Amino acid sequence: MFIPLWRITSGQAPVHHETMHVLLRTKEGNWNSVSKVVSFFTIPMWFTEGVAEYLAMKVSHDTKVPKLDLQKSGGYLKVDSTCSAALKTEVGQYVVDYIGEEGAMLKLFTSDRKTYAPPFYNCSCSFTKYLGETYGTEVLLRSNAQFKDEQETLEQLTKKDLSTLKEEWLTNLKKQYK
């Protein structure tokens with residue numbers, strides 16, 4: 005786990021989120037142990053970041069322990085509406101193409117990060133929240149435990165392909181937030 009010192013000293017450290025990454029590491033390995041080039045093209049970044057954020061948000065909500073809202077999601081009860089609003093923008097439409105896909109979104113590693121990170125993290129969290137609440141948190145945890153095969157495991161456990169799961173999630177958001 006790496007949190008820059010300036011974030012810690014300024015109270016801007018996403019401790020809950022980063023702690024989830026550490027807790028979610030498996031004996032099979034984790035994406036930090038893979039070369040940056042390989043992981044850039046193959047990491048299911050939406051899943052690794054979405055699961056960490058969803059679980060951090062849920063624990064914070066359930067225990068009433070405050071969590072830094074770095075991406076301005078509004079928290080556990082508002083992340084879906086925040087994502088839905090983002091999806092109605094050009095940036096949100098760009099971001100949604102990376103959710104449910106392998107690879108990292110390049111714009112998260114550029115000077116555009118401040119524009120693209122909030123909708124990416126919030127919508128990744130919203131999708132994993134949908135999966136967890138619809139199919140069970142156990143499905144997310146078992147998928148996460150299959151390092152390098154997270155997405156395939158998710159499809160096996162839900163008996164649906166990712167494009168179908170993504171469409172279900174987007175349809176659900178549209179119904180809730182017209």
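Position 84, counted from 1, in the sequence shown is what my numbering calls 88; the numbers after and before it change by one each time, with no gaps.
Note that the Cβ used here is the ideal one computed from N, Cα and C, for glycine as well.
Predicted model, so just to flag it, every value in this text is computed and none were measured.
Subject >> Contact belief for Phe61 with Gly78 at Cβ below 8 Å, rounded distance in angstroms >> reply: For the purposes of this step, residue 61 is identified with residue 57 of the sequence shown, where counting begins at 1. For the purposes of this step, residue 78 is identified with residue 74 of the sequence shown, where counting begins at 1. The sequence as given places Met at residue 61; Phe does not occur at that position. Contact doesn't hold; Cβ gap of about 10 Å is too wide.
Original post:
Taking the continuous alpha helix (DSSP H) assigned at Phe44, which residues delimit it?
Top reply: Counted from its first residue, the sequence shown places residue 44 at position 40. Element bounds for Phe44: Lys40 to Thr46.
Original post:
Hey, Gly96 and Phe45: beta-carbon distance below 9 Å or not?
Top reply: Mapped onto the sequence shown, residue 96 falls at position 92. Mapped onto the sequence shown, residue 45 falls at position 41. With respect to Phe45, Gly96 sits apart: the two C-beta atoms are not nearer than 9 Å.
Subject >> 8 Å contact criterion, which Val100 and Lys133 should meet: CB distance rounded >> reply: Counted from its first residue, the sequence shown places residue 100 at position 96. Counted from its first residue, the sequence shown places residue 133 at position 129. In fact, because the Cβ distance is near 15 Å, the residues do not count as touching under 8 Å.
**OP:** Take the Cβ of Phe113 as the centre, count every other Cβ of all protein chains shown within 10 Å, and call the residue buried at 16 or more, exposed below.
**Re:** Counting from one through the sequence shown, the residue named residue 113 turns up at place 109. Under this definition Phe113 is an exposed residue.
Subject >> Nearest residue (CA-CA) to Val143, options Lys152, Phe131, Leu91 and Thr162 >> reply: Translated into the one-based positions of the sequence shown, residue 143 becomes position 139. Checked all of Lys152, Phe131, Leu91 and Thr162; the closest Cα to Val143 is Thr162.
**OP:** Express the C-alpha separation of Glu156 and Lys164 in angstroms, rounding to a whole number.
**Re:** Stepping through the sequence shown from its first residue, residue 164 is reached at position 160. Stepping through the sequence shown from its first residue, residue 156 is reached at position 152. So the two alpha carbons sit approximately 10 Å from each other.
Original post:
Could you give the C-beta distance for Tyr58 and Cys129, rounded to a whole number, given that I count them as a contact under 8 Å?
Top reply: On the sequence shown, position 54 is the one that residue 58 refers to. On the sequence shown, position 125 is the one that residue 129 refers to. About 5 Å; that satisfies the 8 Å criterion.
**OP:** Measure how close the beta-carbons of Thr30 and Ala149 come, nearest whole angstrom, since I'm counting them as under 8 Å.
**Re:** Within the sequence shown, residue 30 is the residue found at index 26, counting from 1. Within the sequence shown, residue 149 is the residue found at index 145, counting from 1. Yes, Thr30 and Ala149 are in contact; Cβ-Cβ is about 5 Å, under 8 Å.
Original post:
On the three-state DSSP scale, how would you describe Gly33?
Top reply: For this step, residue 33 is matched to residue 29 along the sequence shown. Of the three classes helix, strand and coil, the one that applies to Gly33 here is strand, per DSSP.
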